[in-house]
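Residue numbers (my numbering): 38 to 413.
Quick reminder that beta carbons are idealized off the backbone N, C-alpha and C, glycines included.
Structure record follows, encoded as structure tokens.
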Ligand code: ATP
Ligand code: MG
């Protein structure tokens, strides 16, 4: 097991202060899978105020003191350190009403969602894995700790986490856990829009999105209004872009459901655009008009969504072929100099642009001036 030096340093600081320290959660799971890890968690028996004291001289941020979490920065790496915890009862299916700190590592591991997320590791003591997480990781299985019905009823977000992990890791969900996901799906109504959107985006843009979407289609439909029966194309064959993947699983015209999930405006508008242009089968000229109207980013997005290769687009851009007024060899002042009334200049420029894009005129100043004169 390989972890950054900063993690070992944090472990040492906690143990020298008299505490226990283990690396836990996603970063242990990902290390076992040889996947890159993006956030590091340590768990300790020390209460948060002692953790803060132990890291005197370091940047320490009281991220979630009420829940026992302190973030320390070591060699530029942020590390979340959380005190062993027992979560109290959940009334809203999301937040434990109260958390109790504990001195038992096993208590802390038991409150976690899946066996694969409850493996901990110490560079001195090795693995602690009371729920068989290592075996499940090796077998590619997502399994609740304890009674799945109880665990999903406590916190329905775990249902969406299971789907997202399945999509990211290519794991399958253990049958009893899977049954419980459906039986407790009512609880999803209590999950905030932001959390739903974040888990859905994570799942849909992941490497095994297609299998997960097929396997859990009924649950996708529960949280995503306007969800189609199947994606326009296999998700794995589409670019891993959020807007592209949502457009592919939403029925045409259902982009508003993303707004209801409090998506950022750009994604909603991109999905709307992709749906509006889903019949685009244009050649070179249409492509240039699309570039002019929507810009390169959206043009690429659409080609990705349609599974069209980008060779014509790349060619147009590499040759610097004209597709916008700015690229035209004449400008408004040139047209005005011909004595054209100001209110007609725009339409003449657009007509010239069409002439150039459609191959009726070369993009050369004297050619275009002559053509403009004919149009006045
Ligand atoms: P990733 O960071 O890749 O999404 P992760 O497993 O690290 O995966 P985090 O949200 O970072 O997920 O949470 C860290 C750990 O906290 C998890 O591994 C799990 O042990 C625990 N955890 C997170 N969310 C829940 C939850 N809703 N219920 C129970 N335990 C949870
Ligand atoms: Mg994590």
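Next item on the list: Would you list the one or two residues that DSSP bridges to residue 342?
Entry: Residue 342 is not bridged to any residue.
Next item on the list: Give a single yes or no on whether residue 195 has its beta carbon closer than 8 Å to a heavy atom of the ligand ATP.
Entry: For residue 195, the CB falls within less than 8 Å of some heavy atom of the ligand ATP.
Margin query: Our contact map puts residue 284 next to residue 308 with C-beta atoms below 8 Å; I'd like the distance itself, whole angstroms only.
Written below: 5 Å
Next item on the list: Please report the residue range of the alpha helix (DSSP H) in which residue 52 lies.
Entry: 42–53
Check: When every heavy atom of the ligand ATP is checked, does at least one fall within less than 8 Å of the C-beta of residue 61?
Finding: yes
Notebook entry, point to check: Whole-angstrom Cβ separation of residue 56 and residue 83, contact assumed at under 8 Å?
Noted result: 4 Å
Check: Hey, out of 116, 230, 287 and 133, whose CA is closest to residue 124's CA?
Finding: Here the closest residue by C-alpha is 133.
Next item on the list: Give the single residue among 76, 120 and 67 whose Cα lies nearest to the Cα of residue 89.
Entry: 120
Item checked: alpha helix (DSSP H) segments (min. 4 residues) lying fully within the segment 239–311 -> 246–252, 254–260, 279–286 and 293–297
Check: Taking DSSP as the reference, what is the three-state secondary structure of residue 29?
Finding: Outside the displayed span of the chain (38 to 413) sits residue 29, for which this structure offers no information.
Item checked: Buried or exposed by the 16-neighbour rule on C-beta atoms within 10 Å, applied to residue 381 -> exposed
Checklist line | Environment of residue 102 [buried if 16+ CB atoms lie within 10 Å] | finding: Classification of residue 102: exposed, given that the 10 Å Cβ count is below 16.
Note to self: Short of 6 Å in beta carbon distance, which residues of its chain neighbour residue 217, apart from the five on each side in sequence? Order them along the chain.
What the structure shows: 185, 186 and 189
Next item on the list: Indicate whether residue 201 and residue 168 have their beta-carbon atoms separated by less than 9 Å.
Entry: In this structure, residue 201 keeps its C-beta atom at 9 Å or more from the C-beta atom of residue 168.
Item checked: Simplified DSSP state of residue 183, which is helix, strand or coil -> Under the three-state reduction of DSSP, residue 183 is assigned to coil, being neither helix nor strand.
Note to self: Assuming residue 297 and residue 262 are in contact, meaning their beta carbons sit under 8 Å apart, how far apart are those beta carbons, in whole angstroms?
What the structure shows: At roughly 7 Å, the Cβ-Cβ gap stays under 8 Å, so residue 297 and residue 262 are in contact.
Note to self: Taking the alpha-carbon of residue 215 as reference, which of 233, 181, 251 and 245 has the nearest alpha-carbon?
What the structure shows: 181
Check: Can you list, in chain order, the residues of its chain whose CB lies under 8 Å from that of residue 96, leaving out five sequence neighbours each side?
Finding: 109 and 110
Note to self: Measuring only the C-alpha atoms, how far is residue 193 from residue 221?
What the structure shows: 7 Å
Margin query: The alpha helix (DSSP H) that contains residue 124, what's its start and end?
Written below: Note, residue 124: premise wrong, no alpha helix (DSSP H); beta strand (DSSP E) at 122–124.
Check: Going by Cα to Cα distance, which pick from 41, 413 and 280 is closest to residue 335?
Finding: 280
Check: Across which residues does DSSP place residue 110 in a beta bridge pair?
Finding: According to DSSP, residue 110 shares a beta bridge with 96 and 115.
Next item on the list: Can you tell me which of 141, 276 and 357 puts its alpha carbon nearest to the alpha carbon of residue 339?
Entry: 276
Item checked: Boundaries (first-last residue) of the alpha helix (DSSP H) holding residue 171 -> 170–176
Notebook entry, point to check: Hey, how far is the Cα of residue 151 from the Cα of residue 252?
Noted result: If I take the Cα positions, the gap works out to 19 Å.
Check: Do residue 393 and residue 405 have their CB atoms nearer than 9 Å?
Finding: Residue 405 is positioned such that its CB atom lies closer than 9 Å to that of residue 393.
Note to self: If I follow the unbroken beta strand (DSSP E) through residue 56, where does it start and stop?
What the structure shows: Unbroken run through residue 56: none, as it is neither H nor E.
Checklist line | Euclidean distance between Cα positions of residue 162 and residue 58 | finding: 10 Å
Note to self: Let's test the definition: count the other Cβ atoms within 10 Å of the Cβ of residue 322 and tell me whether it reaches 16, buried, or not, exposed.
What the structure shows: exposed
Notebook entry, point to check: Leaving out five residues before and five after residue 137 in sequence, what residues of the same chain have Cβ atoms less than 6 Å from its Cβ?
Noted result: 123
Note to self: Taking the straight line between their C-alpha atoms, what separation do you get for residue 379 and residue 373?
What the structure shows: Approximately 7 Å, taken between the alpha carbons.
Next item on the list: Pull up the distance between the alpha-carbon of residue 353 and that of residue 310, whole angstroms please.
Entry: 22 Å
Item checked: Contact under 9 Å by Cβ, residue 51 with residue 81 -> yes
Note to self: Assuming contact is defined by CB atoms lying nearer than 9 Å, are residue 207 and residue 176 in contact in what I supplied?
What the structure shows: no
Notebook entry, point to check: Where does residue 478 sit, in a helix, a strand or coil, going by DSSP?
Noted result: Residue 478 is absent from the model: the chain starts at 38 and stops at 413.
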